[in-house]
Amino acid sequence: FIQLYAESIYRDRRLRGTMLVLRDVTAETEVDRMKSELVTTVSHELRTPLSSIYGFTELMLSRDLNEGRRELYLHTIHDEAKRLSYLVSDFLDLQKMESGKQTFEWEPVNLYELVSNSVAFYQETTDLHELFIDVDIEQNFVIDADLEGMRQLFGNLLSNAIKYSPDGGNILVSLERIDEEVVIKVKDHGMGIPTASLPHLFGKFYRVDNSDRRKIGGTGLGLAICKEIAKAHDGQLHVESVYGEGSTFICELPASKEHIMQ
Ligand code: ADP
Numbered sequence: 352f353i354q355l356y357a358e359s360i361y362r363d364r365r366l367r368g369t370m371l372v373l374r375d376v377t378a379e380t381e382v383d384r385m386k387s388e389l390v391t392t393v394s395h396e397l398r399t400p401l402s403s404i405y406g407f408t409e410l411m412l413s414r415d416l417n418e419g420r421r422e423l424y425l426h427t428i429h430d431e432a433k434r435l436s437y438l439v440s441d442f443l444d445l446q447k448m449e450s451g452k453q454t455f456e457w458e459p460v461n462l463y464e465l466v467s468n469s470v471a472f473y474q475e476t477t478d479l480h481e482l483f484i485d486v487d488i489e490q491n492f493v494i495d496a497d498l499e500g501m502r503q504l505f506g507n508l509l510s511n512a513i514k515y516s517p518d519g520g521n522i523l524v525s526l527e528r529i530d531e532e533v534v535i536k537v538k539d540h541g542m543g544i545p546t547a548s549l550p551h552l553f554g555k556f557y558r559v560d561n562s563d564r565r566k567i568g569g570t571g572l573g574l575a576i577c578k579e580i581a582k583a584h585d586g587q588l589h590v591e592s593v594y595g596e597g598s599t600f601i602c603e604l605p606a607s608k609e610h611i612m613q
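For full-length UniProt numbering, count along the sequence shown from 1 and bump the result up by 351.
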């Protein structure tokens, strides 16, 4: 994008000429476009749960409802408020990371313990029915990392593997040391991801919009956050998936000798 200015040049009150200035404003225009796109997306994402909360509370206030309906509406309001609160906190987390304002503190983190605790949490709090989770990580595998970041990264990947495996199956979290890299895989045998969605999966607010997963809650920010955390650790996150068969999320972190204290 080029911006054009014209400026008249006077000397002794007489017009001496006109100066034309051409300025390349491509970068500014792109930032403005991205900002307004973000505001539109965020307001849209916030509006959906808000209108639902507004609509249901209005219904409850204006009508005499039987116990069954009251309960149903209250549950909907509760779920939408929860969604709104996750959305805001995920969004703030992501903004902080993307703008470099998130401070990461490096300390020795035992990955076996971290993943096992996360698995135990889901086993206690979620109905896993036909779902089995295995952890194949050496018990004393320690890496220099940010504890909270690692918890969030593997917590999100595990929670997705559980959420998107509604018919059960096995989930395996494994770790391998390959040359100078630590490769951690979270593999499930759930719904898998359509090939067309793979390039967008780590984008902000991206959710696969298929009828098979419309009822599964989420914000579309979890994987974008995971990617930022991996990046902050000089690592990478990617996915391999076969639609209908399952997915493997692969996180590669650098494993310089100082990092590993086995
Ligand atoms: P969400 O809050 O929607 O789960 P994420 O950013 O964590 O957001 O994931 C983005 C989308 O990627 C999800 O909506 C889901 O469709 C797909 N996805 C993520 N993890 C898996 C998985 N393990 N199996 C199948 N689909 C997945």
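We treat Cβ as the ideally placed atom computed from N, Cα and C, and that holds for glycine.
Proximity test, L552 beta-carbon vs the ligand ADP heavy atom, cut-off 6 Å: Taking the sequence shown and counting its residues from 1, the one referred to as residue 552 is at position 201. It does: the Cβ of L552 is within 6 Å (strictly closer) of some heavy atom of the ligand ADP.
Secondary structure of M370, DSSP reduced to three states: By 1-based counting over the sequence shown, the position of residue 370 is 19. Here M370 sits in strand by DSSP.
Element boundaries [beta strand (DSSP E), containing N521]: As a first step, residue 521 is located in the sequence shown; it is residue number 170 there, counting from the start. Run containing N521: G520 to I529, per the beta strand (DSSP E) assignment.
Exposure of K582, with buried meaning 16 or more beta-carbon neighbours within 10 Å: On the sequence shown, residue 582 is found 231 positions in, with the first residue counted as 1. Exposed: under 16 other Cβ atoms inside 10 Å.
Residue closest to C602, alpha-carbon to alpha-carbon, out of R365, H480, E532 and L549: Taking the first residue of the sequence shown as 1, we reach residue 602 at position 251. Ranking the options by Cα distance to C602, first place goes to E532.
Closer than 6 Å: I544 CB and nearest the ligand ADP heavy atom: Taking the sequence shown and counting its residues from 1, the one referred to as residue 544 is at position 193. Indeed, a heavy atom of the ligand ADP lies less than 6 Å from the Cβ.
Segment contact, 8 Å Cβ cut-off, at least three pairs: the stretch 502-517 with the stretch 545-558: Not touching, per the Cβ criterion.
Residues of its chain near M370, where Cβ-Cβ distance is below 7 Å and the 5 sequence neighbours each way are ignored: By 1-based counting over the sequence shown, the position of residue 370 is 19. So the list reads E358 and I360, once near-sequence residues are dropped.
Minimum C-alpha distance to D530 - residue among L479, L604 and D478: Here residue 530 is taken as the residue at index 179 of the sequence shown, counted from 1. Scanning L479, L604 and D478 for the CA closest to the CA of D530 turns up L604.
Sub-7 Å separation of Y463 and F483 beta-carbons: In the sequence shown, residue 463 corresponds to position 112, counting from 1. In the sequence shown, residue 483 corresponds to position 132, counting from 1. Their beta carbons are not under 7 Å apart, which means Y463 does not touch F483 by this criterion.
Rounded straight-line distance, which links the Cα of N461 to that of L523: As a position in the sequence shown, residue 523 is number 172, starting the count at 1. As a position in the sequence shown, residue 461 is number 110, starting the count at 1. In a straight line, the C-alpha of L523 is about 18 Å away from that of N461.
Status (buried if at least 16 other CB within 10 Å, exposed otherwise) for D441: Working through the sequence shown from its first residue, we reach residue 441 at position 90. Buried, because 16 or more other Cβ atoms sit within 10 Å of the Cβ of D441.
Alpha-carbon spacing of D518 relative to E381, whole angstroms: By 1-based counting over the sequence shown, the position of residue 518 is 167. By 1-based counting over the sequence shown, the position of residue 381 is 30. Roughly 44 Å separates the two Cα atoms.
Neighbour-count burial assignment, H584, 16 or more Cβ in a 10 Å radius: To locate residue 584, count along the sequence shown from 1; it is residue 233. Buried: at least 16 other Cβ atoms inside 10 Å.
Contact check, residue 615 vs I535, beta carbons under 7 Å: Outside the displayed range of the chain (352 to 613) lies residue 615, so it cannot be described from this structure.
Cut-off 8 Å between Cβ atoms - residues of its own chain near S394, not counting five sequence neighbours on either side: In the sequence shown, residue 394 corresponds to position 43, counting from 1. Taking C-beta separations shorter than 8 Å and ignoring five residues to either side along the sequence, S394 has no partners in its chain.
Contacting residues, own chain, Cβ-Cβ under 8 Å from R421 (five flanking each side not counted): Residue 421 sits at position 70 when you count from the first residue of the sequence shown. Same-chain partners within the cutoff: M411.
For E596, the three-state DSSP class (helix, strand or coil): Taking the first residue of the sequence shown as 1, we reach residue 596 at position 245. E596: coil per DSSP, three-state reduction.
Nearest-angstrom Cα separation, counted from G406 out to H589: In the sequence shown, the residue the question calls residue 589 occupies position 238. In the sequence shown, the residue the question calls residue 406 occupies position 55. For the pair H589 and G406, the Cα-to-Cα distance works out to about 40 Å.
Whole-angstrom distance between D495 and residue 331, CA atom to CA atom: Outside the shown range of the chain, which is 352 to 613, sits residue 331, and nothing can be said about it.
Nearest neighbour of F472, chosen from D444, F505, E481 and E456 [CA to CA]: Along the sequence shown, read from residue 1 onward, the residue named residue 472 stands at position 121. Among D444, F505, E481 and E456, the Cα nearest to that of F472 belongs to F505.
V439 vs S467 beta-carbon contact at 7 Å: Here residue 439 corresponds to residue number 88 of the sequence shown, with the count starting at 1. Here residue 467 corresponds to residue number 116 of the sequence shown, with the count starting at 1. No, these two residues do not count as a Cβ contact at 7 Å.
Within 7 Å, strictly: CB atoms of T377 and F352: Numbered from its first residue, the sequence shown carries residue 377 at position 26. Numbered from its first residue, the sequence shown carries residue 352 at position 1. Contact: yes.
Any non-hydrogen atom of the ligand ADP within 6 Å of A512 CB: Counted from its first residue, the sequence shown places residue 512 at position 161. Correct: A512 has its Cβ closer than 6 Å to the ligand ADP.
Inter-residue spacing [alpha-carbon to alpha-carbon] between K578 and S387: On the sequence shown, residue 578 is found 227 positions in, with the first residue counted as 1. On the sequence shown, residue 387 is found 36 positions in, with the first residue counted as 1. C-alpha separation (whole angstroms): 23 Å.
Cβ-Cβ distance between E379 and I404 below 7 Å: Reading the sequence shown from its first residue, position 28 is the one you call residue 379. Reading the sequence shown from its first residue, position 53 is the one you call residue 404. Taking 7 Å as the Cβ cut-off, E379 and I404 do not qualify as a contacting pair.
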